[in-house]
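Note that the protein sequences, when read in sequence, are chains A and B. Counted from 1, the first sequence has number 340 at position 108 by the numbering used here; the numbering is strictly sequential. Counted from 1, the second sequence has number 315 at position 287 by the numbering used here; the numbering is strictly sequential. We treat Cβ as the ideally placed atom computed from N, Cα and C, and that holds for glycine.
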Amino acid sequence: MAQASQADGTVAIRLIAGGATTLASSVLADSGLEHYRGSFANKAMVLPLASSAFGIAVNGRRAQQPESRGTAAPTVSHVGSTAIGLIGLGFHAYNVLKRPGGPSFTNLFYGAPAGAPAALVLAGALGKAADTLAQGKDRIGPVELASGRAIGAMVGVGLFGSVGEAALLHFRGAYHDPFMWLPVTLPPIAAVSLLRDVIDDHPRQATMILLGTTAALGLIGMGFHAYGVARNMGGWKNWRQNILAGPPLPAPPAFTGLAIAGFGALLMMRQRRRHG
Amino acid sequence: MSADPQHAPQASAGRAPDVFKPGGWVPMRQYPEIDEVDFVIVGTGAGGGTLACKLAEAGFSVVAMDAGPYWRPLEDFASDETHQQKLYWTDERIVDGDTPLKMGSNNSGKAVGGSTVHFAMVSLRFRPDHFQTRTKLGYGADWPIGWQEMWRYYDEVEEMLKIAGPVRYPWGPKRGRYPYRAHPLNAAAEYLARGAEALGIDWTETPIATLSAPRGKAHPCVYRGFCVTGCSTNAKQSVLVTWLPRAIEAGAEIRDLAMVGRVETRNGRATGVHYHRNGEWRFQKAKNVVVAGYAIETPRLLLNSANDEFPDGLANSSGLVGKNLMAQLNQAAWGQVEDEVRSYKGPPSLAISEHWNYEDSGKDYFGGWSYMSQGPLPIIWAKSLAGGRSLWGQDLIDEMNRNNHSVGLKMVGETLPDERNRVTLADETDQYGLRIPRITFAFRDNEKAMIKHAVDFMDQSLEATGATERWKEMNDTCHLNGTARMGDNPTTSVVNADCRSWDIPNLWICDGSVFPTVGGVNPSLTIQAVACRTGDRIREMAARGEL
Numbered sequence: 233m234a235q236a237s238q239a240d241g242t243v244a245i246r247l248i249a250g251g252a253t254t255l256a257s258s259v260l261a262d263s264g265l266e267h268y269r270g271s272f273a274n275k276a277m278v279l280p281l282a283s284s285a286f287g288i289a290v291n292g293r294r295a296q297q298p299e300s301r302g303t304a305a306p307t308v309s310h311v312g313s314t315a316i317g318l319i320g321l322g323f324h325a326y327n328v329l330k331r332p333g334g335p336s337f338t339n340l341f342y343g344a345p346a347g348a349p350a351a352l353v354l355a356g357a358l359g360k361a362a363d364t365l366a367q368g369k370d371r372i373g374p375v376e377l378a379s380g381r382a383i384g385a386m387v388g389v390g391l392f393g394s395v396g397e398a399a400l401l402h403f404r405g406a407y408h409d410p411f412m413w414l415p416v417t418l419p420p421i422a423a424v425s426l427l428r429d430v431i432d433d434h435p436r437q438a439t440m441i442l443l444g445t446t447a448a449l450g451l452i453g454m455g456f457h458a459y460g461v462a463r464n465m466g467g468w469k470n471w472r473q474n475i476l477a478g479p480p481l482p483a484p485p486a487f488t489g490l491a492i493a494g495f496g497a498l499l500m501m502r503q504r505r506r507h508g
Numbered sequence: 029m030s031a032d033p034q035h036a037p038q039a040s041a042g043r044a045p046d047v048f049k050p051g052g053w054v055p056m057r058q059y060p061e062i063d064e065v066d067f068v069i070v071g072t073g074a075g076g077g078t079l080a081c082k083l084a085e086a087g088f089s090v091v092a093m094d095a096g097p098y099w100r101p102l103e104d105f106a107s108d109e110t111h112q113q114k115l116y117w118t119d120e121r122i123v124d125g126d127t128p129l130k131m132g133s134n135n136s137g138k139a140v141g142g143s144t145v146h147f148a149m150v151s152l153r154f155r156p157d158h159f160q161t162r163t164k165l166g167y168g169a170d171w172p173i174g175w176q177e178m179w180r181y182y183d184e185v186e187e188m189l190k191i192a193g194p195v196r197y198p199w200g201p202k203r204g205r206y207p208y209r210a211h212p213l214n215a216a217a218e219y220l221a222r223g224a225e226a227l228g229i230d231w232t233e234t235p236i237a238t239l240s241a242p243r244g245k246a247h248p249c250v251y252r253g254f255c256v257t258g259c260s261t262n263a264k265q266s267v268l269v270t271w272l273p274r275a276i277e278a279g280a281e282i283r284d285l286a287m288v289g290r291v292e293t294r295n296g297r298a299t300g301v302h303y304h305r306n307g308e309w310r311f312q313k314a315k316n317v318v319v320a321g322y323a324i325e326t327p328r329l330l331l332n333s334a335n336d337e338f339p340d341g342l343a344n345s346s347g348l349v350g351k352n353l354m355a356q357l358n359q360a361a362w363g364q365v366e367d368e369v370r371s372y373k374g375p376p377s378l379a380i381s382e383h384w385n386y387e388d389s390g391k392d393y394f395g396g397w398s399y400m401s402q403g404p405l406p407i408i409w410a411k412s413l414a415g416g417r418s419l420w421g422q423d424l425i426d427e428m429n430r431n432n433h434s435v436g437l438k439m440v441g442e443t444l445p446d447e448r449n450r451v452t453l454a455d456e457t458d459q460y461g462l463r464i465p466r467i468t469f470a471f472r473d474n475e476k477a478m479i480k481h482a483v484d485f486m487d488q489s490l491e492a493t494g495a496t497e498r499w500k501e502m503n504d505t506c507h508l509n510g511t512a513r514m515g516d517n518p519t520t521s522v523v524n525a526d527c528r529s530w531d532i533p534n535l536w537i538c539d540g541s542v543f544p545t546v547g548g549v550n551p552s553l554t555i556q557a558v559a560c561r562t563g564d565r566i567r568e569m570a571a572r573g574e575l
């Protein structure tokens, strides 16, 4: 039984680190494209690229080798990602609010998005959580990690954030394709189910299924966005313009990353119920 | 693609160009000339094209003719202002009066789809009171249609064109959500916004008929900026790519390069039209004739159709055919700013203030006006500088080099109906042997007072944003309306609210010429709304046997 518990714990760490890796990948691709479109007008626009690339490396390593005792690199990466994400949120808010009309729909549609730097914050926090657990510790400061509930709560809130971003940007696209309703209907149900499990401290099978569907939706969404790119003038033959003008390819997998980390949280909750 | 669309009809042999597919065709029904079709429509622009769709979908047999070519936007439109003049109606006309109009670009089109092929896509609703200016505001003439009914038809047209507009519109009664979201503002639009905020008035993103998201086979706008010379991506929701494909699918026939020269009548009813196509004059029999040639060609055709029965021209017992021509005011204020504006990027009028359409106090004139940000293309800009500031030679070249830092605001202002502003026939004839129109126009005191107020206000707005070297462009006009006004009284109007002529029960007029007043907004949305209403009314009347 103790061995099973250990194995479950290892899997959970893998999942949480894997989720963080996926999120960081989404951020790297997204900020790479969008900041390239913005011509790196502000030099600080390279920071999320650097920190998310660093995050992919350390979280990816952690997902592969959940038990390795590390160096200081992971901590530097996670703290860096979180800090750069938070600073990025400030920059993005300024970018929106400085436009004529202030916090109007048009400025929220076309100004710098809040979701992207928030994803970087989440990638840093999830990475730090995975690291801490891997080192056999069960809390970061006052936050208790071992039960999986804190991580589950973070994923639940993160999902709502991603849903908010999808809702805003799909509203910008006037929900012209009915499938655009999917990411604003299914993930919120998954998030509510996950948060209910966290509050009840009772992981349910239904949540597993919903998170699995959400993870799949993130990948399917990339396919839909690829189709969306094709619907721009010149289609994929004009990829250099249309990848920038069309729906963002790297955005939907943020759902996948969060859902994977959510699996990890559920696994920890289940494990503790079994053995706790 | 077969021969040059300007010289060989494209819509023939049972097919019409597929505007969404290079080299593609769509099947098109064709009607023999000896068959008396239910409706022959003269003109396929905002009025005629829209009505062709509505009538074909109502089950009528429809032949819609246009003097212009059937273009394929994806293949035939170049990013070249000079080349794209092929979209304009540049046939000979005589202009006179104290303010002779400049014809042949922003105010006319000769193409299937009419001038919507090159319009600036600005899609505004009339202020409700502007349908009843005589009763409510003491000037002009009342429309015979209530604003609530017109607003229902605005809904229909906006949905059909997937208008991209703001989430909340600051003026007038609450309206439904625009089908698509507004486009991002370009820098020129931001200057309007900042100026309006400094002056304490509302502004918003202009509702425009270009896609902000994909729609069927039409691509979203790529912000190429050549909107007024013809959109080559089909993002622009012109009649050519919206109503007409639907009309053809519903069984309408479009005849391109078909210039109608005369409407035939017998025993007080229209019997068909004489038209010129493929080098010869032909005759199409019809149970009903709809004239939709816009404010110049519509009265010209009605006057050119004079015969023994109707010696003063058709539908002209009131004597009003050709009268009350209203050319909207299009004056501008310009200035220079330090940052790079590149105002020609994206659609030309992305931000608007309708403040002075809805505010009546503080005016020493009747009527309303709106103003929009501007993005002139190089040749238009050179003409503005040469005409408005008398720059020429090196001075003009130097000024053109600073174009990236120029920013401007342009009004769309209401002209009052005045019978002295009119279209008559000149003695000269054109390439078809038809008498050409003489267009007589002058600004009166009311227009002059409005222009002064508007350009001063726009100048203040520019000043508030830090623009320097400001100047005023005083002599531009745009959309043409009037010349066959609708009304409730056969002695003071040409058609009734259903666009049916008082004199000839099976002759209809459906375009901007039926406007009793023009308001301070671009007319295309209203023309299409009137056409939608006319289509519905004809269907209802046919069902009751009243045609």
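Contact the region 310-329 of chain B vs the region 226-240 of chain B: 3+ CB pairs below 8 Å: no
Buried versus exposed call for residue 329(A) [16 or more other C-beta atoms within 10 Å across all chains shown]: Taking the first residue of the first sequence as 1, we reach residue 329(A) at position 97. A residue is called buried when at least 16 other Cβ atoms come within 10 angstroms of its Cβ; residue 329(A) does not meet this threshold and is exposed.
DSSP bridge partner residues for residue 67(B) (one or two, in chain order): Residue mapping note: residue 67(B) aligns to position 39 of the second sequence, counting from 1. According to DSSP, which records beta bridges pairwise, residue 67(B) is partnered with 90(B) and 316(B).
For residue 284(A), the first and last residue of its enclosing alpha helix (DSSP H): For the purposes of this step, residue 284(A) is identified with residue 52 of the first sequence, where counting begins at 1. 279-296 is the span of the alpha helix (DSSP H), which, as asked, contains residue 284(A).
Outcome for residue 264(B) when other beta-carbon atoms lying within 10 angstroms are tallied against a minimum of 16: One-based indexing of the second sequence puts residue 264(B) at position 236. It is buried - the Cβ of residue 264(B) has at least 16 other Cβ atoms within 10 Å.
Alpha carbon of residue 29(B) to alpha carbon of residue 132(B), nearest angstrom: As a first step, residue 29(B) must be located in the second sequence, where it is residue number 1. As a first step, residue 132(B) must be located in the second sequence, where it is residue number 104. Note that residue 29(B) scores 44 on pLDDT, short of 50, meaning its location in the model is unreliable and no value can be drawn from it.
Contacts that residue 332(A) makes with chain B (C-beta to C-beta distance below 7 Å): By 1-based counting over the first sequence, the position of residue 332(A) is 100. Those are 218, 221, 222 and 225, listed as they occur along chain B.
Straight-line gap, residue 385(A) to residue 248(A) (C-alpha atoms, nearest Å): Here residue 385(A) refers to the residue found at position 153 when the first sequence is read from its first residue. Here residue 248(A) refers to the residue found at position 16 when the first sequence is read from its first residue. The alpha-carbon atoms of residue 385(A) and residue 248(A) are separated by roughly 13 Å.
Proximity test, Cβ basis, 8 Å: residue 48(B) and chain A: Within the second sequence, residue 48(B) is the residue found at index 20, counting from 1. No, residue 48(B) lies away from the interface with chain A (no Cβ there is under 8 Å from its Cβ).
Inter-residue spacing [alpha-carbon to alpha-carbon] between residue 34(B) and residue 261(B): Taking the first residue of the second sequence as 1, we reach residue 34(B) at position 6. Taking the first residue of the second sequence as 1, we reach residue 261(B) at position 233. In a straight line, the C-alpha of residue 34(B) is about 21 Å away from that of residue 261(B).
Element boundaries [beta strand (DSSP E), containing residue 131(B)]: The residue you call residue 131(B) lines up with position 103 of the second sequence. For residue 131(B), there is no enclosing beta strand (DSSP E), as DSSP gives it neither H nor E.
Residues sharing a beta bridge with residue 308(B), DSSP: To locate residue 308(B), count along the second sequence from 1; it is residue 280. In DSSP, residue 308(B) forms a bridge with 305(B).
Chain A residues whose Cβ lies nearer than 8 Å to that of residue 233(B): For the purposes of this step, residue 233(B) is taken as residue 205 along the second sequence, with counting starting at 1. 338, listed in chain order.
Contact set between the region 246-259 of chain B and chain A, restricted to residues whose Cβ is under 8 Å from the partner: Under the 8 Å Cβ criterion, the region 246-259 of chain B contributes 247, 248 and 250.
Beta-carbon separation (whole angstroms), residue 211(B) vs residue 321(B), contact threshold 8 Å: What you label residue 211(B) is simply residue 183 of the second sequence in a count that begins at 1. What you label residue 321(B) is simply residue 293 of the second sequence in a count that begins at 1. Not a contact, Cβ separation roughly 32 Å.
Start and end residues, beta strand (DSSP E) containing residue 630(B): Since the displayed chain B opens at 29 and closes at 575, residue 630(B) lies outside it and no answer follows.
Pairwise C-alpha distance: residue 222(B) and residue 392(B): For the purposes of this step, residue 392(B) is identified with residue 364 of the second sequence, where counting begins at 1. For the purposes of this step, residue 222(B) is identified with residue 194 of the second sequence, where counting begins at 1. If you draw a straight line from the Cα of residue 392(B) to the Cα of residue 222(B), it comes to about 26 Å.
Close Cβ partners of residue 493(A) (< 6 Å) along its chain, the five nearest in sequence each way excluded: As a first step, residue 493(A) is located in the first sequence; it is residue number 261 there, counting from the start. So the list reads 248, 251, 358 and 387, once near-sequence residues are dropped.
Proximity test, Cβ basis, 8 Å: residue 195(B) and chain A: Numbered from 1 along the second sequence, position 167 holds the residue referred to as residue 195(B). Yes, residue 195(B) lies at the interface with chain A (some Cβ there is under 8 Å from its Cβ).
Alpha-carbon to alpha-carbon, residue 300(A) and residue 241(A): Translated into positions along the first sequence, residue 241(A) becomes position 9. Translated into positions along the first sequence, residue 300(A) becomes position 68. Pairing residue 241(A) with residue 300(A), the inter-Cα distance amounts to about 14 Å.
Test: residue 472(A) CB closer than 8 Å to a CB of chain B: Residue 472(A) sits at position 240 when you count from the first residue of the first sequence. Interface flag for residue 472(A) against chain B is unset, since no Cβ pair is found closer than 8 Å.
Chain B within 8 Å of residue 289(A), Cβ atoms only: Mapped onto the first sequence, residue 289(A) falls at position 57. No, because no Cβ of chain B sits closer than 8 Å to the Cβ of residue 289(A).
Through-space distance from residue 573(B) to residue 301(B), alpha-carbon basis: Taking the first residue of the second sequence as 1, we reach residue 301(B) at position 273. Taking the first residue of the second sequence as 1, we reach residue 573(B) at position 545. So the alpha carbons of these two residues sit roughly 24 Å apart.
Which listed residue (209(B), 565(B) and 377(B)) has its alpha carbon closest to that of residue 196(B): In the second sequence, residue 196(B) corresponds to position 168, counting from 1. Out of 209(B), 565(B) and 377(B), 209(B) has the C-alpha closest to the C-alpha of residue 196(B).
Secondary structure of residue 253(B), DSSP reduced to three states: Counting from one through the second sequence, the residue named residue 253(B) turns up at place 225. Of the three classes helix, strand and coil, the one that applies to residue 253(B) here is coil, per DSSP.
Min CB distance residue 324(A) to chain B below 8 Å: For this step, residue 324(A) is matched to residue 92 along the first sequence. Not closer than 8 Å to any Cβ of chain B, the Cβ of residue 324(A) fails to qualify, so no.
From 550(B), 70(B) and 316(B), residue whose alpha carbon lies closest to that of residue 381(B): By 1-based counting over the second sequence, the position of residue 381(B) is 353. Of the listed residues, the one whose Cα sits closest to residue 381(B) is 550(B).
8 Å Cβ cutoff, residue 213(B) in contact with chain A: Along the second sequence, one-based indexing puts residue 213(B) at 185. Closer than 8 Å: yes.
Sequence-distant residues of its chain with Cβ nearer than 8 Å to residue 528(B) (five each side left out): Position 500 of the second sequence, counted from the first residue, corresponds to residue 528(B). Same-chain partners within the cutoff: 535 and 536.
C-beta contact flag for residue 100(B) and residue 65(B) at 8 Å: By one-based count along the second sequence, residue 100(B) stands at place 72. By one-based count along the second sequence, residue 65(B) stands at place 37. No, they are not a contact pair.
Within 8 Å, strictly: CB atoms of residue 342(B) and residue 291(B): Along the second sequence, one-based indexing puts residue 342(B) at 314. Along the second sequence, one-based indexing puts residue 291(B) at 263. Yes. Within cutoff.
Test: residue 456(A) CB closer than 8 Å to a CB of chain B: Residue 456(A) sits at position 224 when you count from the first residue of the first sequence. Not an interface residue.
Integer-rounded CB distance, given that residue 185(B) should sit under 8 Å from residue 557(B): The sequence position of residue 557(B) within the second sequence is 529, counting from 1. The sequence position of residue 185(B) within the second sequence is 157, counting from 1. With 8 Å as the limit, residue 557(B) and residue 185(B) qualify as a contact, their Cβ atoms being about 5 Å apart.
Identified DSSP bridge partners for residue 160(B): Counted from its first residue, the second sequence places residue 160(B) at position 132. In the DSSP assignment, residue 160(B) is bridged to 170(B).
Residue 326(A) classed as buried or exposed, judged by whether at least 16 other C-beta atoms fall within 10 angstroms: Taking the first residue of the first sequence as position 1, residue 326(A) is located at position 94. Exposed, by the Cβ-count rule.
Three-state secondary structure (DSSP) of residue 331(A): Counting from one through the first sequence, the residue named residue 331(A) turns up at place 99. Of the three classes helix, strand and coil, the one that applies to residue 331(A) here is coil, per DSSP.
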